[in-house]
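Below: the structure, in structure tokens.
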Amino acid sequence: MSNTTRMPKSFTIEPEINKYVTATKGEHSASERVNQMLRQAMLAEQYERLETEAQAFYAAVGEKERTETRAFQTAAMRTFERD
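Residue 1 is where the sequence shown starts when you use this note's numbering, and the numbers rise one by one after that.
Right under this line is the structure:
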């Protein structure tokens with residue numbers, strides 16, 4: 001686990017979550033397990049946001065841009081074939 005300075009906080013959790021943390025913490029403390037789970041949740045949310053942004057970005061590409069991209073790729077392949 002990380003050796004960074006930690007901030008003591010007090011949060012309330014549901015009994016079901018507490019049971020899961022206790023059952024899955026292994027040799028580590030419950031606090032370490034909760035931090036690990038929160039880090040994983042943060043990464044999952046970041047990936048979801050990135051996926052949404054990527055979908056919006058690529059959805060904005062129109063047929064004209066696709067045609068131009070294909071033409072560029074074809075020209076590039078011809079250049080590679082010559083070299």
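The beta-carbon is built from N, C-alpha and C at its ideal position, and this holds for glycine as well.
Backbone CA spacing between residue i and residue j [nearest angstrom]
| i | j | result |
| --- | --- | --- |
| Pro8 | Phe80 | 59 Å |
| Arg33 | Lys25 | 5 Å |
| Glu14 | Ala59 | 40 Å |
| Gln40 | Tyr47 | 11 Å |
| Thr12 | Thr5 | 22 Å |
| Asp83 | Ala71 | 19 Å |
| Val61 | Ala76 | 21 Å |
Proximity test, Cβ basis, 7 Å: residue i and chain C
| i | result |
| --- | --- |
| Leu38 | Included in the structure is just one protein chain, with no chain C present. |
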